[in-house]
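Asks: Can you keep this structure in mind? I'll have questions shortly.
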Amino acid sequence: MAFDLSKLTTSIEKYIFLGTLKKEMSATKFTWALSLWLVLFYNASFFKSLCKAIPLENIESAAFLISISLLLLLLNSLLLTIFVFPKIAKPITVIVLISASIAAYFMSAYGIVIHHTMIQNTIETDIKEVRALLNSTLATYIIFLGVIPSVLVIKIRLQFGTLKQQIYSKLKLWGFSLIAITILVAPFSADYASFFRNNKNIREMASPANFIYATISYFFATNKSSVVAPIGEDAKLNAQAAKHTKPILFVVVVGETARADHFSINGYHKPTTPLIAQQDIINYHKVFSCGTETAVSVPCMFSNLTRKHYSDKKGKSQESLLDVLKHSGYSVLWRDNNSSCKGTCNRVEYEDLTNLKIPELCNNRECFDNILLHDIDKKIDHMAGNKVIVLHQKGSHGPDYYNRYPENMEIFKPVCKFNKLQDCSNEEINNAFDNTIRMTDQFLNDTIEWLKTQSNTYNTGLIYLSDHGESLGEKGLYLHGMPYLIAPIEQKHIPFFFWFSTNFELESGINRECLRTQVNTEHSHDNLFHTVLSLLNVSTSLYKPELDMIIDCRK
Ligand SMILES: [Zn+2]
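Under our numbering, think of the first position of the sequence shown as 53, with each following residue one higher.
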């Protein structure tokens, strides 16, 4: 007898959906039911953080917790009324449910919160980064909190009534909710004020308001900043540049997710950086990032705006350090093995090396960072005059750290081989991450050795710095991207060093030994713009000597 699949699915439907859901439901009832469903099943991280912030100690704290929970229910229903209209209610609800299921997974698995740069990261990510995050738990969240409730929603027959009835029922819902909110908040107004002041991130855990708000604010910010204003058009080479007997070849290596305290040159107990330790580098120990994620840190470090004044909108509405160098006459090239330069190199030459299929440097998933040096000699031959090359690493990007290095570079063992970090021990996670640092050590060493081969022709120099750090399970946090003010130091403390050829040092008038006396001074991404201008002998009215890391060590 042939197997009849349609018969089977019909009977499954009959039993699972019980027929009742095929019945009609008023738009108002649907709004309340959806709001309650979202509060109950997508806000575990919100309630967990809430209970941590307000321990259940007495009747007052219990009453306050109940008040916040009901407030969330009311605010959600107010939000949902905006799209519960004929034709759009179901498709938007499906999008909200699927998005909320994904957000719930990432909040609970990695302790992240959802804000507009997180949405920006999601939108600006590439397929490889997405693949690295997929796992069975995420699939379970999507199926049980995304797909199944969506099917139920599609089955319901929503009753909207006439336009007049719709307006009346929405006004009734709004009126009721606003009165109820006033009643709930009034007795606790002081508690609410201090709670939201001290727990800004909890707001960003309340689903679905968090990602709806973040998505709207992201698109609002991006659409507004399409015009890029030129900066530093007065940039030119200064008198020190004339002292150079050879053209300058300068490399800026932008690392990815490398945290300073896992570098043995910064005192880490495992030998993660044995090769660069042998190079004559000037290594700074206290440097901090501008943001806690690539989409913020990369444009910010190349901006003349300091962290306190930087915003995505401001950053994207003006040119970057690379443009200023170009204005002064430098040839500038950005080579990328990451997910783009986030707009900062839009007006200079750009090479995406992520998809080169060079067998010794790439596998069928990705290329290792040494791809950034592939055919680089040929490349610089085609650049005129003084040259700046930015090499943007894939570095230590997680959670699949084990994918960032070939098998023979698995130095620290055992390693975590899941992208679901919670399934691994602390030691396995750290080992996998430390192998990525060891890989970066080799790449940086190879880059310095390459620069040495160019030192007969050029005055060569290099800066290495990471875009941000990484949480590896400290305080229950993983990965990065926490809002800056509450982000742990592991996500902000970054490695930073200089390497100069002898002739570069001599003809730039820099005193290396003097710089060595300053390596414990605190610096940040704010210093990069002005320090690079200074190192490359570029004068412009934008230059701020107080942010120049080498100013006191000029001969
Ligand atoms: Zn990054």
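All residues carry an ideal CB built from backbone N, CA and C; glycine is no exception.
At the level of alpha carbons, what is the spacing between Gly450 and Phe550?
Replies: Position 398 of the sequence shown, counting from 1, holds the residue named residue 450. Position 498 of the sequence shown, counting from 1, holds the residue named residue 550. The alpha-carbon atoms of Gly450 and Phe550 are separated by roughly 26 Å.
Asks: Ignore the nearest five residues each way along the sequence and tell me which others in Ser380's own chain have a CB closer than 7 Å to its CB.
Replies: Translated into positions along the sequence shown, residue 380 becomes position 328. Hits under 7 Å: Ala287, Lys288, Leu289, Val590.
Asks: Taking just the CA atoms, how far does Ile200 sit from Ile68?
Replies: Taking the first residue of the sequence shown as position 1, residue 68 is located at position 16. Taking the first residue of the sequence shown as position 1, residue 200 is located at position 148. Per-residue confidence for Ile68 stands at a pLDDT of 48, beneath the threshold of 50, marking its modelled position as unreliable; no derived number is given.
Asks: Taking His337 as part of the alpha helix (DSSP H), name the residues at either end of that continuous run.
Replies: Your numbering for residue 337 matches position 285 in the sequence shown. It is not in any alpha helix (DSSP H) - His337 instead sits in the beta strand (DSSP E) that spans 333 to 340.
Asks: Could you spell out the range, first to last residue, of the beta strand (DSSP E) harbouring Asn511?
Replies: To locate residue 511, count along the sequence shown from 1; it is residue 459. Per DSSP, Asn511 belongs to the beta strand (DSSP E) from 511 to 518.
Asks: Identify whether Ile300 lies in helix, strand or coil by the three-state DSSP scheme.
Replies: Locating residue 300 in the sequence shown gives position 248, counting from the first residue. Of the three classes helix, strand and coil, the one that applies to Ile300 here is strand, per DSSP.
Asks: Which residue's Cα is closest to the Cα of Phe578: Glu479, Pro299, Val348?
Replies: Position 526 of the sequence shown, counted from the first residue, corresponds to residue 578. The sequence given here has Asp at residue 578, not Phe. Selected option, being the one with the closest Cα: Val348.
Asks: Is the separation between the beta-carbon of Gly198 and that of Leu126 shorter than 7 Å?
Replies: Here residue 198 is taken as the residue at index 146 of the sequence shown, counted from 1. Here residue 126 is taken as the residue at index 74 of the sequence shown, counted from 1. No. Outside cutoff.
Asks: Beta-carbon within less than 8 Å of Glu256's beta-carbon, same chain only, minus the 5 sequence neighbours each way: which residues are those?
Replies: Within the sequence shown, residue 256 is the residue found at index 204, counting from 1. These residues qualify, in order along the chain: Val165, Ile166, His167, Asn262, Ala266, Pro535.
Asks: At a cut-off of 6 Å, is Glu480 close to ligand 1 when judged by its beta-carbon and the heavy atoms of the ligand?
Replies: For the purposes of this step, residue 480 is taken as residue 428 along the sequence shown, with counting starting at 1. No, Cβ of Glu480 sits at least 6 Å from all heavy atoms of ligand 1.
Asks: Three-state secondary structure (DSSP) at Gln445?
Replies: For the purposes of this step, residue 445 is identified with residue 393 of the sequence shown, where counting begins at 1. Three-state result, Gln445: coil.
Asks: Considering only residues of the same chain and omitting the five flanking positions on each side of Ser507, which have a CB-CB separation below 6 Å?
Replies: Counting from one through the sequence shown, the residue named residue 507 turns up at place 455. Taken in chain order, the residues that qualify are Ser553.
Asks: With DSSP as the reference, label Cys566 as helix, strand or coil.
Replies: Position 514 of the sequence shown, counted from the start, is the residue given in the question as residue 566. If DSSP states are grouped into helix, strand and coil, Cys566 belongs with the helices.
Asks: Against chain C, does Asn589 count as a neighbour if the rule is that its beta carbon must be under 7 Å from one of theirs?
Replies: No chain C is present in this structure, which holds just one protein chain.
Asks: Expressed to the nearest angstrom, what Euclidean distance is found between the alpha-carbon atoms of Arg417 and Asn497?
Replies: Counting from one through the sequence shown, the residue named residue 417 turns up at place 365. Counting from one through the sequence shown, the residue named residue 497 turns up at place 445. Going from the Cα of Arg417 to the Cα of Asn497 covers about 24 Å.
Asks: Return the Cβ separation of Ala141 and Leu210 in integer angstroms, given the expectation that the two are a contact with Cβ distance under 8 Å.
Replies: The residue labelled residue 141 in the question sits at position 89 within the sequence shown. The residue labelled residue 210 in the question sits at position 158 within the sequence shown. Yes, Ala141 and Leu210 are in contact; Cβ-Cβ is about 6 Å, under 8 Å.
Asks: Answer yes or no: the CB of Thr346 versus the heavy atoms of ligand 1, is any distance below 6 Å?
Replies: Here residue 346 refers to the residue found at position 294 of the sequence shown. Yes, ligand 1 has a heavy atom inside 6 Å of this Cβ.
Asks: At a cut-off of 6 Å, would you count Thr174 as near ligand 1, judging by its Cβ distance to the nearest heavy atom?
Replies: To locate residue 174, count along the sequence shown from 1; it is residue 122. No; taking the cut-off as 6 Å, the Cβ of Thr174 has no heavy atom of ligand 1 nearer than that.
Asks: In the structure shown, what three-state DSSP assignment does Gly227 receive?
Replies: The count along the sequence shown starts at 1 and reaches residue 227 at position 175. Three-state result, Gly227: helix.
Asks: Can the beta-carbon of Val136 be found less than 7 Å from the beta-carbon of Ala79?
Replies: Taking the first residue of the sequence shown as position 1, residue 136 is located at position 84. Taking the first residue of the sequence shown as position 1, residue 79 is located at position 27. The answer is yes: Cβ separation under 7 Å.
Asks: On the premise that His532 lies in contact with Glu345, defined as a C-beta separation below 8 Å, what is that separation, rounded to the nearest angstrom?
Replies: In the sequence shown, counting from the first residue as 1, residue 345 sits at position 293. In the sequence shown, counting from the first residue as 1, residue 532 sits at position 480. About 6 Å; that satisfies the 8 Å criterion.
Asks: Which residue comes first and which comes last in the alpha helix (DSSP H) that contains Arg622?
Replies: Look at the range of the chain in this structure, 53 to 607, and you will see that residue 622 is not part of it.
Asks: What residues are listed by DSSP as bridge partners for Leu531?
Replies: Taking the sequence shown and counting its residues from 1, the one referred to as residue 531 is at position 479. According to DSSP, Leu531 bridges with Ser523.
Asks: In three-state terms, what does DSSP make of Met461?
Replies: As a working mapping, residue 461 is identified with position 409 in the sequence shown. It is helical.
Asks: In three-state DSSP terms, what is Gly307?
Replies: In the sequence shown, residue 307 corresponds to position 255, counting from 1. It is a strand residue.
Asks: Tell me which same chain residues have a C-beta within less than 7 Å of the C-beta of Leu236, skipping the five on either side of it?
Replies: In the sequence shown, counting from the first residue as 1, residue 236 sits at position 184. So the qualifying residues of the chain are Ser119, Leu122, Leu123.
Asks: At which residues does the beta strand (DSSP E) containing Met630 begin and terminate?
Replies: With the chain covering only 53 through 607, there is no way to say anything about residue 630.
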